[in-house]
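Enquirer:
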Amino acid sequence: MPELPEVESVRRYLECIVIGKKIDCVQVYCPKIIQNCAVESFTQKLQGQVFQAIRRRGKYLIFECSDYILLSHLRMEGKYLFHPRREIKKHEHVVFQMADMDLIYQDTRKFGTMHLFSKTVDVLTIPPLSLMGPEPFAEELTASYLYDALKNKKQAIKASLLEQKIICGLGNIYVDEVLFDAKIHPGQAGNTLSLDNLQELISSIQKIIARAIELGGTTIRSFTVHHDIHGRFQNELQIHSQDKCPVCKQQVKRMRIAGRTTYYCAVCQSVDKK
Ligand SMILES: [Zn+2]
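For my numbering, count along the sequence shown from 1 and bump the result up by 11.
1) Quick one: grab the DSSP three-state call for Leu160.
2) By the 10 Å Cβ neighbour count, where 16 or more other Cβ atoms means buried, how is Asp192 classified, buried or exposed?
3) In three-state terms, what does DSSP make of Phe148?
4) Hey, how far is the Cα of Ile220 from the Cα of Ser214?
5) Checking 9 Å against the spacing of the C-beta atoms, do Ser20 and Ile224 come in under that value?
6) With the cut-off set at 9 Å, would you say Tyr116 and Ile44 are in Cβ contact?
7) Would you say Val106 and Met125 are within 9 Å of each other, going by their C-beta atoms?
8) Excluding sequence positions up to five away, which residues of its chain have a Cβ less than 6 Å from the Cβ of Val278?
9) Could you round the C-beta distance between Tyr274 and Arg265 to whole angstroms and report it? I think they count as a contact, below 8 Å.
10) Taking DSSP as the reference, what is the three-state secondary structure of Val39?
11) Would you kindly work out how many angstroms separate the C-alpha atoms of Glu211 and Gly270, rounded to a whole number?
12) Could you work out which residue in Val50, Lys90 and Gln280 is closest to Val189 when comparing CA atoms only?
13) Could you check what DSSP says for Phe234 in three-state terms: helix, strand or coil?
14) Nearest chain E C-beta to Phe62 closer than 9 Å, yes or no?
15) Assuming contact is defined by CB atoms lying nearer than 9 Å, are Ile184 and Thr229 in contact in what I supplied?
16) DSSP three-state call for Phe122: helix, strand or coil?
17) Measure the CB-CB distance between Gly201 and Gln166 and report whether it falls below 9 Å.
18) Could you tell me which residues DSSP pairs with Lys255 in its beta bridges?
19) What is the DSSP secondary structure of Ala200, reduced to helix, strand or coil?
20) Identify whether Arg72 lies in helix, strand or coil by the three-state DSSP scheme.
21) How would you write the range of the alpha helix (DSSP H) that Leu172 sits in, first residue to last?
Shown next as structure tokens:
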């Protein structure tokens with residue numbers, strides 16, 4: 012599943028290609044992807060729009076057009092492809108036709124979503140974006156912010172970090188990496204972490220996400236930014252999908268948290284009490 016660094020790589024890639032281009036016509040072959048308006052309205056409104064900017068909030072791509080904002084979430088396996096006009100293939104669900112190329116949204120699982128908003132509203136202040144916690148590099152992400160946000164959370168810290176409401180952008184891979192780096196057990200209750208633990212956690216989040224963005228994200232299983240572009244962070248994974256802990260050389264353990272396979276080192280990530 013693409014997480015913040017992968018979505019950021021997709022954003023940078025799309026930005027180089029679509030800015031300034033006009034959408035001549037949109038075709039939707041899987042209506043359930045379009046979330047907040049009828050397919051007809053979606054295609055009509057986007058016709059003639061020019062892509063002006065592409066931003067990101069958490070794992071959402073924000074396509075800023077002349078009069079509308081298109082939000083796109085890739086979920087498990089969504090991808091954007093560019094191709095000169097051709098017949099659509101299996102798993103290609105939305106096509107944005109432009110003069111020289113088509114921007115094609117492909118998604119084998121069809122879990123991805125698109126929302127369309129008028130530019131007259133501030134999309135950051137309405138759902139789904141208003142429901143998200145701060146970005147990893149936001150000023151408001153401080154140890155005391157996390158301490159307050161987690162003070163009633165008895166669930167595993169990993170589950171809280173995956174929810175996107177306390178902090179956005181982290182998914183299964185990076186949460187495992189961040190907790191290993193901060194020496195926090197993924198199953199430890201969020202409300203038992205000290206301010207020092209949380210300061211460590213923020214430092215680890217910022218260090219790992221910055222490095223992953225620098226390397227173009229992680230190419231793992233289904234995710235590639237584009238068939239020609241592969242992230243390189245998978246070569247730096249310390250704990251996720253690894254056999255031995257790189258620090259103490261013990262066997263890496265696995266457990267399930269929030270339905271996700273979680274990798275951790277039982278020696279290096281012991282449960283601390285505040
Ligand atoms: Zn270890």
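We put the CB at the ideal spot given by N, CA and C, even for glycine.
Expert: Here's the rundown:
1) Per the sequence shown, residue 160 should be read as Ala rather than Leu. In the structure shown, Ala160 sits in a helix (DSSP, three-state: H, G or I).
2) buried
3) coil
4) 10 Å
5) yes
6) yes
7) no
8) Cys259 and Gln261
9) 6 Å
10) strand
11) 26 Å
12) Gln280
13) Below a pLDDT of 50, predicted positions are generally treated as unreliable, and Phe234, at 46, falls in that range; the measurement from the model is reported next regardless. Note: Phe234 maps to strand in three-state DSSP.
14) Going by chain labels, chain E is absent from the structure shown, which holds only one protein chain.
15) yes
16) coil
17) yes
18) Gln262
19) strand
20) Note that residue 72 is Leu in the sequence shown here, rather than Arg. The answer is strand: DSSP assigns Leu72 an E or B state.
21) Ile168 to Leu173
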